[in-house]
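Take a look at the structure below.
Protein chains in written order, with the working numbering: chain A, 1 to 384; chain B, 385 to 768.
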């Protein structure tokens with residue numbers, strides 16, 4: 001008989017879920033309150049405030065959708081896109097493709113802007129796509145399939161000029177890579193808990209600005225579960241919290257504490273730590289013969305995607321790392337399946353100690369002495 | 385600053401979430417594994433086997449949808465109902481109404497069969513609705529808004545004769561009130577974790593029989609998140625588990641242990657305990673002047689809905705119970721808002737000790753001496 005109490009312990013340093021912290025795990029296991037209990041309501045108010053802080057927004061609507069990151073994506077589309085809407089969709093990895101599928105299911109006219117996998121999409125390509133008018137523009141800020149951060153500069157202006165919404169996937173950047181929704185003019189964004197927040201999967205942090213709220217009021221939401229006109233009666237109702245569905249209470253405890261970690265560290269400090277951790281790990285893995293997929297300046301600090309060297313057996317290395325060394329890294333997906341490894345640099349994982357364990361194990365599996373790589377790692381953490 | 389570690393502790397004896405057990409809470413707080421880790425995969429296989437046991441089914445497809453109970457409802461409709469399908473929808477409470485809304489959003493021709501709130505729907509009414517043919521029939525087995533159990537006798541025959549599917553909501557019966565999906569000819573069912581399983585909300589146990597699987601293959605699912613042609617690549621793929629979305633890992637730990645509790649007790653024993661607990665609580669609250677909404681023979685053992693006596697202040701009593709006695713019960717919803725209380729008899733709550741606390745507190749709040757009611761409670765637990 002399998003038991004959850006006999007499961008092996010791993011160090012999670014892949015593309016997510018990331019390592020959960022003791023604080024978060026302790027919160028998860030706290031006694032369940034009712035979803036209409038006033039004490040829980042206070043916690044929810046505080047949770048929304050914390051989400052605003054980490055999203056860098058003043059949006060009234062900020063709450064976690066009751067599902068994983070992709071449930072946030074579906075909530076965005078089901079409430080903000082009407083059949084026939086022209087939606088520009090930036091695609092430079094798996095999660096852009098996923099959004100194109102989601103948009104098509106909701107009857108959007110999808111204007112695909114295809115960037116290179118492993119690169120950011122040039123602003124000129126996005127601009128070019130706007131010439132026939134559009135209702136919304138979507139980009140993946142943090143492409144988890146390639147480790148690329150998409151700059152958002154200029155996109156809000158394009159959208160404002162067309163009275164269109166700017167929609168963003170920030171699943172793997174929230175709490176790890178600089179993200180400033182209001183300053184960047186983002187109208188709606190969704191994220192996940194199992195990346196830089198070190199909270200188990202199951203919730204999708206979500207926010208809508210006033211232009212998006214206005215658009216949502218014109219859309220016939222085809223989903224009952226994700227219908228914001230119902231959901232927000234619970235999350236931001238004026239006369240108290242109206243029952244729609246039962247909120248995932250214990251996961252919300254975990255998210256509350258995960259956000260607490262971020263806020264106590266400070267966003268700027270946390271972003272700087274992730275940048276340093278990414279740089280240090282890059283130096284270390286270069287000493288092992290691995291090269292980053294993203295060019296300098298386009299990298300996502302929270303995820304380091306590297307090319308697998310010729311002659312190295314992807315599955316064998318990842319299998320040994322997991323089963324013998326107890327460390328999880330992720331393989332490639334989509335067109336990078338078999339040719340890329342994805343190394344998480346997320347919250348707890350963006351620290352010297354877990355990175356040292358990873359570098360030592362990787363060196364062993366690739367047939368290197370670890371000393372040089374570890375020296376590079378240390379240098380990356382201590383250099384100016 | 386609010387913290388999840390300073391929250392008050394309550395005894396949850398309302399319509400859900402129910403009291404979570406220590407075993408489940410400990411599982412929730414266990415270290416997170418990756419969703420593609422082979423050790424987690426073994427746990428998922430075991431979880432599916434446990435779901436089959438408690439659903440009383442041999443269905444190959446049995447897994448938890450990554451959302452609350454209503455996400456199970458949406459998965460059912462999005463995958464099994466095509467626009468234009470005639471779907472008979474039994475409505476005898478809030479959750480039948482909710483399904484009618486869900487069906488209409490998916491373009492179904494909804495044939496409403498309206499029963500009385502607080503009663504089961506007579507078979508003749510359902511039969512009458514079948515005369516023009518239909519593609520699917522939906523009933524709420526356990527109406528959480530009224531505390532009524534809907535008998536399913538005869539419904540499968542009606543469906544088979546029309547080559548239609550029988551769809552069931554068993555959110556509040558799974559693990560508490562007799563439920564035998566295969567024996568009753570149910571083609572698809574969804575449930576929730578936060579009722580008789582004593583697991584926090586966030587997952588929807590779900591199962592599909594072979595006729596439903598065949599139908600799903602003909603439906604264009606409008607949802608990406610709930611699309612079973614994608615989701616089942618993870619949950620019941622033949623060549624391993626294909627990533628669709630990241631499963632809610634720690635909640636799955638909790639569900640695994642909650643189901644473990646049910647299976648170790650034994651389904652028949654557990655159903656009998658809930659029946660006895662319901663009867664004992666009914667005797668006790670009758671001594672306090674409360675009457676059950678459901679007539680004898682139509683009651684849902686896991687939820688006792690009672691009429692609030694004339695002159696009693698609903699909100700004041702529930703507020704004192706919660707804030708002074710630390711016990712949560714639920715008010716009425718829909719047409720019973722303000723006139724009904726719902727007392728949970730769910731798993732942990734279906735035991736003498738929590739019931740004694742509830743009866744004592746209720747007696748105090750209603751201005752009664754508790755002795756007679758407590759004697760009735762004890763008699764209910766010890767009589768043959």
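Every residue, glycine too, gets a C-beta built ideally from N, C-alpha and C.
Chain B places no beta carbon closer than 8 Å to that of residue 216(A), leaving this residue out of the contacts. Within chain B, 388 have C-beta atoms less than 7 Å from the C-beta of residue 256(A), given in sequence order. Interface residue (Cβ-Cβ distance to chain A less than 8 Å): residue 637(B) is classified as such.
Apart from sequence neighbours up to five positions away, the residues of its chain that approach residue 325(A) with a beta-carbon distance below 6 Å are 361, ordered along the chain.
For the C-beta of residue 712(B), the chain A residues within less than 9 Å are, from N- to C-terminus, 33, 34, 36 and 37. One finds 28, 29, 30, 31, 32 and 250 in chain A with Cβ atoms closer than 9 Å to the Cβ of residue 409(B), taken in chain order. Around the beta carbon of residue 17(A), a 10 Å sphere encloses 16 or more other beta carbons of the protein chains shown; the residue is thus reported as buried. Bounds of the beta strand (DSSP E) holding residue 498(B) are 493–498. Bounds of any alpha helix (DSSP H) do not take in residue 567(B), whose DSSP letter is neither H nor E. Counting of Cβ neighbours within 10 angstroms places residue 5(A) among the exposed residues, the total staying below 16. Beta-bridge analysis with DSSP links residue 167(A) to 138(A) and 188(A). The three-state secondary structure of residue 453(B), taken from DSSP, is helix. Residues of chain B with a Cβ closer than 8 Å to the Cβ of residue 246(A) are, in chain order, 400, 401, 452, 453, 576, 578 and 585. DSSP, read as helix, strand or coil, puts residue 210(A) in helix.
If you look at residue 294(A), you'll find it isn't in any beta strand (DSSP E); DSSP assigns it neither H nor E. Taking a Cβ-Cβ cut-off of 7 Å, the neighbours of residue 393(B) in chain A comprise 31, given in sequence order.
For residue 123(A), the closest alpha carbon among the candidates 96(A), 90(A) and 134(A) is that of 90(A). For residue 473(B), the beta-bridge partners assigned by DSSP are 496(B) and 522(B). About 15 Å separates the beta carbons of residue 259(A) and residue 202(A), which is beyond the 8 Å limit, so they are not a contact pair. Taking the CA atoms as reference points, residue 452(B) sits about 43 Å from residue 309(A). Chain order gives no chain B residues near residue 187(A), where near means a beta carbon separation below 7 Å; the closest approach is about 21 Å. Per DSSP, residue 95(A) has no beta bridge partner at all.
Per DSSP, the continuous beta strand (DSSP E) segment holding residue 726(B) begins and ends at 724–728. Minimum Cα-Cα distance from residue 171(A) among the listed residues 349(A), 154(A), 192(A) and 377(A) corresponds to 192(A). The residue from 297(A), 313(A), 243(A) and 225(A) with its alpha-carbon nearest to that of residue 339(A) is 313(A).
Sequence-ordered contacts of the stretch 589–617 of chain B with chain A read 604, 605, 606, 607, 608, 609, 610 and 611 [C-beta pairs closer than 9 Å]. Here residue 227(A) is buried, its C-beta having at least 16 other C-beta atoms within 10 Å.
Between residue 714(B) and residue 603(B), the C-beta spacing is not below 8 Å.
With respect to the 8 Å criterion, residue 515(B) and residue 549(B) are not classified as neighbours on the basis of their beta carbons. Of the candidates 518(B), 633(B) and 482(B), 518(B) places its Cα closest to the Cα of residue 493(B). Taking C-beta separations shorter than 7 Å and ignoring five residues to either side along the sequence, the partners of residue 399(B) in its chain run 528, 687, 714, 726 and 728, following chain order. Residue 462(B) places its beta carbon 8 Å or farther from that of residue 580(B).
In summary, residue 766(B) is exposed, with fewer than 16 beta-carbon neighbours lying within 10 Å of its beta-carbon over all protein chains present.
Looking at the DSSP output, residue 714(B) shares a beta bridge with 726(B). Annotation for residue 303(A): the continuous beta strand (DSSP E) segment containing it runs 303–307. Contact holds between the stretch 286–298 of chain A and the stretch 366–373 of chain A, because three or more Cβ pairs, one in each stretch, are under 8 Å apart.
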